[in-house]
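To start, the structure itself, in structure tokens.
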Amino acid sequence: MIKPVIDVVHLYARDMNIYGDRGNILTIMRRLEWYGYDPKLIEYNPGDIFPEDADIIIGGGGQDSGQSKIQDDLLSIGPKLINLAENGTPMLMICGLYQLFGKFFKTSTGESIKGIGLLDIETYGKSERLIGNIVTHSQQFGDIVGYENHSGQTYLGPKVKPLGRVKIGAGNNTDDDSEGAIYKNVIGTYLHGSLLPKNPAIADFLIKQAVTNKYGKFNHSEIDESLTQVARLVAIKRPR
Ligand code: GLN
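Just so we're aligned, residue 550 is where the sequence shown starts under the numbering used here, counting upward by one.
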């Protein structure tokens with residue numbers, strides 16, 4: 550039987566991919582297979598032609614230098630990404646790319662890295678790095694667990710909502726308890742770790758949106774979640 554194809558784009562796989570972010574791709578690919586779909590992985594790096602079909606787009610974090618490296622290319626594909634987001638394409642951007650999906654990241658050394666402004670957020674580099682395991686709470690996804698490591702502190706504008714509220718850890722900044730941002734089906738967050746293996750509700754949100762956008766409804770086989778749930782509970786006990 551031919552399985553329905555879902556195209557998964559890994560944005561800047563080479564330069565923006567740290568602290569286990571690749572696990573997000575592996576989780577999306579594997580869960581799509583388990584649900585009865587045929588996921589196709591497309592790695593996008595600077596200079597590549599942006600894929601025609603992008604059903605889910607996932608990007609990771611990076612050093613400030615990695616962010617400077619991809620900045621020009623990101624700005625060149627920015628209008629395409631904004632158009633896809635406005636049309637409901639699900640996306641997940643972690644840390645460094647979360648920041649650059651916003652308006653700008655002013656680094657702690659004074660460099661200003663322009664973002665694409667898809668998310669109504671601004672980021673300012675500070676001398677203190679926010680590092681450690683983190684748990685937040687979201688009405689939509691329940692508790693979200695991961696690992697954060699960033700100097701940038703992010704402030705949300707009125708067009709986005711926080712992804713979660715911090716229970717343990719730092720989150721967007723040291724001034725409020727927000728973590729991440731959500732706009733349409735685009736999720737930005739500081740949580741590495743990897744995020745999706747430990748938070749399958751977020752993986753399923755992205756998958757469900759992608760499949761519904763492409764095929765009208767999300768028909769799927771059942772997944773055995775017993776191991777996922779154990780991994781999740783162990784991870785939630787770690788932050789302190
Ligand atoms: N370089 C950025 C910062 O330090 C992003 C770091 C990351 O992606 N973990 O804020």
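Just so it is clear, CB atoms sit at the ideal spot from N, CA and C, and this is done for glycine as well.
| Asked | Found |
| --- | --- |
| Cβ neighbour criterion (16 or more within 10 Å) applied to Gly-742 | buried |
| Residue(s) in a DSSP beta bridge with Leu-560 | Tyr-593, Gly-608 |
| Per-residue DSSP class, three states only, for Pro-749 | helix |
| Gln-612 CB to nearest heavy atom of the ligand GLN below 7 angstroms | yes |
| Reference Gln-758; option with closest CA among Arg-571, Ile-577, Tyr-568 | Ile-577 |
| Simplified DSSP assignment, three categories, for Gln-688 | coil |
| Cβ shell of Asn-566 (< 6 angstroms), same chain only, five flanking positions each side left out | Gly-609 |
| Opening and closing residue of the alpha helix (DSSP H) in which Thr-777 lies | 775-786 |
| Same chain only: Cβ atoms within 8 angstroms of Lys-589, ignoring 5 sequence neighbours per side | Val-554, Ile-555, Asp-556, Val-557 |
| Cβ contact check for the stretch 680-694 and the stretch 756-775: 3 or more pairs under 8 angstroms | no |
| Inter-residue CB distance, Ile-670 and Ala-719 (contact presumed, cutoff 8 angstroms) | The pair is not a contact, with the Cβ atoms about 16 angstroms apart (cut-off 8 angstroms). |
| Nearest residue (CA-CA) to Ile-662, options Asn-768, Leu-624, Ser-687, His-699 | Leu-624 |
| Pick from Gln-616, Arg-579, Asp-622, Ser-617 that is closest to Val-599, judged by C-alpha positions | The question names Val, yet the displayed sequence has Phe at residue 599. Among Gln-616, Arg-579, Asp-622, Ser-617, the Cα nearest to that of Phe-599 belongs to Asp-622. |
| Residue interval of the alpha helix (DSSP H) (run including Tyr-647) | 644-649 |
| Cutoff 6 angstroms; reference Val-694; Cβ partners in own chain excluding five residues on either side | Val-684, Lys-747, Ala-784, Ile-785 |
| Straight-line gap, Ser-614 to Gly-645 (C-alpha atoms, nearest Å) | 10 angstroms |
| Element boundaries [beta strand (DSSP E), containing Tyr-719] | Before going on, a small fix: residue 719 reads as Ala here, not Tyr. No beta strand (DSSP E) contains Ala-719, which DSSP labels as neither H nor E. |
| Gln-700 Cβ short of 7 angstroms to the ligand GLN heavy atom set | What sits at residue 700 in the sequence shown is Ser, not Gln. Checking the Cβ of Ser-700 against the ligand GLN gives yes. |
| Helix, strand or coil at Ile-598 according to DSSP, with G and I counted as helix | coil |
| Closest residue to Ile-607 among Lys-766, Arg-781, Ile-751, Gly-765 (Cα-Cα distance) | Ile-751 |
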